[in-house]
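Novice:
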Amino acid sequence: MSSRERTLLSALGISQFGDFIYLVAINVYIYRLTGSASAVAALWIISPVVSLGIKSFAGSWVDRSDLRRLLIQTDLLRAILIGILPFLPLSMLYINLLALAVIKSIVEPATLTYITTLVPKDDRTSFNAYRSLITSGAFLIGPALAGGLLYVASADVAIWLNAVSFLGSAVLLMRLPRFSASVDRGMQLQDILSDWRLVYQFSKDAHYVTGLYVLAMLMMIATLALDTQEVVFLQRSIGLSETDYGLLMSLTGIGSVAGSWVVARYAKTLSVRMMLMIGYVFVAVGYMLYASANSFSIVCIGFLLLGCFHAFAGTGFLTFQQTNIPLHLMGRFTSLYGVGVSLLQILAIVAIGLLGDIWSIRFSTILFACLLVIVTICFLGLVLLPSKQRYFTTNEVEAERHA
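When we follow the numbering used here, the leftmost residue of the sequence shown carries the number 16, and every step to the right adds one.
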């Protein structure tokens, strides 16, 4: 791995650790401020709601930008917005959180496009694997560090630490090279509409790639919906305590670190197709074990599988994406499809909650786990088509491969 790749990995890792600290701290801070569970729940809805509007044109902006400058500016802006959070009244605080959600909607496609531009195609699987390993470490250590800060200091200190992490990330990004924008025309309404038509045409031409992308997004939405109800499900249906739940989160984190380490260690050996098959199969098995479990031991096995094999699925799919979506179109493609993903996220979260109230939390959890299995089978059916082997190499997309 080159020094540039290590610098980018460090920048992303620092901000990732800060994000996991912030995730715990902001929930505690809002609850302390309002005493309302609904106010805390609103934090989880802000991002997908904002994405519905912003992502329709965020990709157009990303593909027309100097990505390094855009990432540095957004890191600095997030550091400022997060740094002033503890000083704001409640009304201004939610406006601030909306602004942060807007920035996140821009940063996500910009980060993916910059990684794909900077990292050579033969190194992307390894880079994605190490990034997954860092994310897993952040998932394990970040909340624990946040808990320690809440114990010895306050939520304010934890929030400020997240602001500092973005400053550190911006400083590291300044050491990386600039790349010219993929698109050099303006960004008027007709240009955005032209971008939409371009994404639509690519989706038609590359229907195999688009089909796999849509199925992967549906699996992600199903798992997100299941995750939003896991605390309620584990306490009501299985009778676990908060201590048991904490242990499960630790096991998931350990499984995630272990899985990411295996992927990183054998990134040059594992094919993209193999990672997708192993990852998505065992993620589906893990959720089915979790949904049908009636004992703590079965839930533990399910959560360990989820933690371990999410790394395989995530690394494999990210590499597939980087290989098969043209670099000049990547920001616009992922952002426009992100609008649909955000809408379905909201609907899925509402649906699993309502079904749990109308029937039972066990019924709604098993139903969504079964939907996940069905989508996984469809996804694997496409992945295993012998004629599509060429889509799972690390050779970048070419026009004739879209058929």
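The beta-carbon is built from N, C-alpha and C at its ideal position, and this holds for glycine as well.
Taking the alpha-carbon positions, what's the S184 to A26 distance?
Specialist: Locating residue 184 in the sequence shown gives position 169, counting from the first residue. Locating residue 26 in the sequence shown gives position 11, counting from the first residue. Distance between the alpha carbons of S184 and A26 is about 4 Å.
Novice: Can you check whether the CB of L24 is closer than 8 Å to the CB of F142?
Specialist: Here residue 142 is taken as the residue at index 127 of the sequence shown, counted from 1. Here residue 24 is taken as the residue at index 9 of the sequence shown, counted from 1. Yes; because the gap between Cβ atoms is below 8 Å, this pair is in contact.
Novice: Between which two residues does the alpha helix (DSSP H) harbouring P158 extend?
Specialist: As a working note, residue 158 is residue 143 in the sequence shown. Where P158 is concerned, the enclosing alpha helix (DSSP H) stretches over 139 to 167.
Novice: Can you name, in chain order, every residue of its own chain whose Cβ lies under 6 Å from the Cβ of A418, other than the five neighbours on each side?
Specialist: Locating residue 418 in the sequence shown gives position 403, where the first residue counts as 1. For A418, the predicted model reports a pLDDT of 38, less than 50, meaning its position is unreliable and no value from the coordinates is stated.
Novice: Could you check if W175 is buried or exposed, using at least 16 other CB atoms within 10 Å of its CB as the buried criterion?
Specialist: Your numbering for residue 175 matches position 160 in the sequence shown. It counts as buried.
Novice: Would you mind working out which of F248, G353, T238 sits nearest G424, comparing C-alpha positions?
Specialist: Because the chain is modelled from 16 through 418, residue 424 falls outside the range shown and cannot be assessed.
Novice: Report yes if the C-beta distance between W211 and L359 is below 8 Å; otherwise report no.
Specialist: Within the sequence shown, the letter at position 196 stands for residue 211. Within the sequence shown, the letter at position 344 stands for residue 359. Against a cut-off of 8 Å, the Cβ pair of L359 and W211 comes out as no contact.
Novice: If we ignore side chains and look at the alpha-carbon of each, how far apart do L164 and V43 end up?
Specialist: The residue given as residue 164 occupies position 149 in the sequence shown. The residue given as residue 43 occupies position 28 in the sequence shown. For L164 and V43, the distance between alpha carbons rounds to 12 Å.
Novice: Contact between the segment 61 to 77 and the segment 353 to 371 is defined here as three or more beta-carbon pairs at a separation below 8 Å; is this criterion met?
Specialist: Flag = yes, the segment 61 to 77 and the segment 353 to 371 touch.
Novice: Using only CA atoms, which one of L115, A306, S17, L333 lies nearest to I367?
Specialist: Within the sequence shown, numbered from 1, the residue matching residue 367 stands at position 352. Taking only the C-alpha atoms, the option nearest I367 is A306.
Novice: Do L266 and L204 come within 8 Å of each other at the CB atom, strictly closer than that value?
Specialist: Here residue 204 refers to the residue found at position 189 when the sequence shown is read from its first residue. Here residue 266 refers to the residue found at position 251 when the sequence shown is read from its first residue. Contact: no.
Novice: Are the segment 131 to 148 and the segment 245 to 263 touching by the rule of at least three beta carbon pairs closer than 8 Å?
Specialist: Result no; under three Cβ-Cβ pairs closer than 8 Å.
Novice: Helix, strand or coil, according to DSSP, for I99 in the structure here?
Specialist: Residue 99 sits at position 84 when you count from the first residue of the sequence shown. Note: I99 maps to coil in three-state DSSP.
Novice: In three-state DSSP terms, what is S218?
Specialist: As a working note, residue 218 is residue 203 in the sequence shown. In the structure shown, S218 sits in a helix (DSSP, three-state: H, G or I).
Novice: Should the segment 376 to 383 be called in touch with the segment 106 to 119, which here means at least 3 C-beta pairs below 8 Å?
Specialist: With a cut-off of 8 Å, the segment 106 to 119 and the segment 376 to 383 do not count as touching, because too few Cβ pairs lie within range.
Novice: Residues in its own chain within less than 7 Å of V172 by CB, not counting five upstream and five downstream?
Specialist: Reading the sequence shown from its first residue, position 157 is the one you call residue 172. Correct list, in chain order: L164.
Novice: Under the three-state reduction of DSSP, which class applies to Q88: helix, strand or coil?
Specialist: Working through the sequence shown from its first residue, we reach residue 88 at position 73. If DSSP states are grouped into helix, strand and coil, Q88 belongs with the helices.
Novice: Leaving out five residues before and five after L187 in sequence, what residues of the same chain have Cβ atoms less than 6 Å from its Cβ?
Specialist: As a first step, residue 187 is located in the sequence shown; it is residue number 172 there, counting from the start. Cβ within range, chain order: T22, S25, A26.
Novice: Identify, in the order they occur along the chain, each residue of the same chain with its Cβ nearer than 6 Å to the Cβ of G33, setting aside the five sequence neighbours on each side.
Specialist: On the sequence shown, position 18 is the one that residue 33 refers to. N177, S180.
Novice: Report, in whole angstroms, the separation of the C-beta atoms of A116 and I61, which I expect to be a contact under 8 Å.
Specialist: Within the sequence shown, numbered from 1, the residue matching residue 116 stands at position 101. Within the sequence shown, numbered from 1, the residue matching residue 61 stands at position 46. Contact flag correct, Cβ pair sits at about 5 Å.
Novice: On a CA-only basis, which of L100, I121, F72, P401 is nearest Q88? Give me that one, please.
Specialist: Within the sequence shown, numbered from 1, the residue matching residue 88 stands at position 73. Ranking L100, I121, F72, P401 by Cα distance to Q88 puts I121 first.
Novice: Could you give the distance in angstroms between the alpha-carbon of S402 and the alpha-carbon of Y223?
Specialist: Within the sequence shown, the letter at position 387 stands for residue 402. Within the sequence shown, the letter at position 208 stands for residue 223. About 11 Å.
Novice: Which same chain residues end up closer than 7 Å to M202 when comparing Cβ atoms and leaving out the 5 residues on each side of it in sequence?
Specialist: On the sequence shown, residue 202 is found 187 positions in, with the first residue counted as 1. Excluding sequence neighbours, M202 sits near S75, W76, R79.
Novice: Can you give the Cα-Cα distance for A279 and I207, rounded to whole angstroms?
Specialist: Taking the first residue of the sequence shown as 1, we reach residue 279 at position 264. Taking the first residue of the sequence shown as 1, we reach residue 207 at position 192. Computed Cα separation, rounded: 38 Å.
Novice: According to DSSP, simplified to helix, strand and coil, what is F194?
Specialist: As a position in the sequence shown, residue 194 is number 179, starting the count at 1. Of the three classes helix, strand and coil, the one that applies to F194 here is coil, per DSSP.
Novice: Quick check: the Cα distance between H343 and A73, rounded to an integer number of angstroms?
Specialist: By 1-based counting over the sequence shown, the position of residue 343 is 328. By 1-based counting over the sequence shown, the position of residue 73 is 58. Approximately 14 Å, taken between the alpha carbons.
Novice: Helix, strand or coil for S375, going by three-state DSSP, please let me know.
Specialist: Indexing the sequence shown from 1 puts residue 375 at position 360. Coil, per DSSP.
Novice: Measure the CB-CB distance between A144 and A328 and report whether it falls below 8 Å.
Specialist: Position 129 of the sequence shown, counted from the first residue, corresponds to residue 144. Position 313 of the sequence shown, counted from the first residue, corresponds to residue 328. Contact: no.
Novice: Compare the C-alpha of M458 against each of I361, P104, L48, D81 and name the closest.
Specialist: This structure gives no information on residue 458, because the portion of the chain shown stretches from 16 to 418.
Novice: Counting along the chain, where does the alpha helix (DSSP H) carrying H325 start and finish?
Specialist: Your numbering for residue 325 matches position 310 in the sequence shown. H325 -> alpha helix (DSSP H) spans 311 to 339.
Novice: Can you list, in chain order, the residues of its chain whose CB lies under 7 Å from that of P101, leaving out five sequence neighbours each side?
Specialist: Stepping through the sequence shown from its first residue, residue 101 is reached at position 86. Excluding sequence neighbours, P101 sits near D171, I174.
Novice: Excluding sequence positions up to five away, which residues of its chain have a Cβ less than 8 Å from the Cβ of P158?
Specialist: For the purposes of this step, residue 158 is taken as residue 143 along the sequence shown, with counting starting at 1. Once the five neighbours on either side are set aside, the close Cβ partners of P158 are F35, I36, L38, V39, M264.
Novice: Taking only three categories from DSSP, how would you classify Q250?
Specialist: Taking the first residue of the sequence shown as position 1, residue 250 is located at position 235. Correct three-state label for Q250: helix.
Novice: So, L291 versus V390, is the Cβ gap smaller than 8 Å?
Specialist: For the purposes of this step, residue 291 is taken as the residue at position 276 of the sequence shown. For the purposes of this step, residue 390 is taken as the residue at position 375 of the sequence shown. Result no, Cβ atoms of L291 and V390 do not sit closer than 8 Å.
Novice: Where I118 and D242 are concerned, what is the direct C-alpha to C-alpha distance, given to the nearest angstrom?
Specialist: Numbered from its first residue, the sequence shown carries residue 118 at position 103. Numbered from its first residue, the sequence shown carries residue 242 at position 227. Distance between the alpha carbons of I118 and D242 is about 24 Å.
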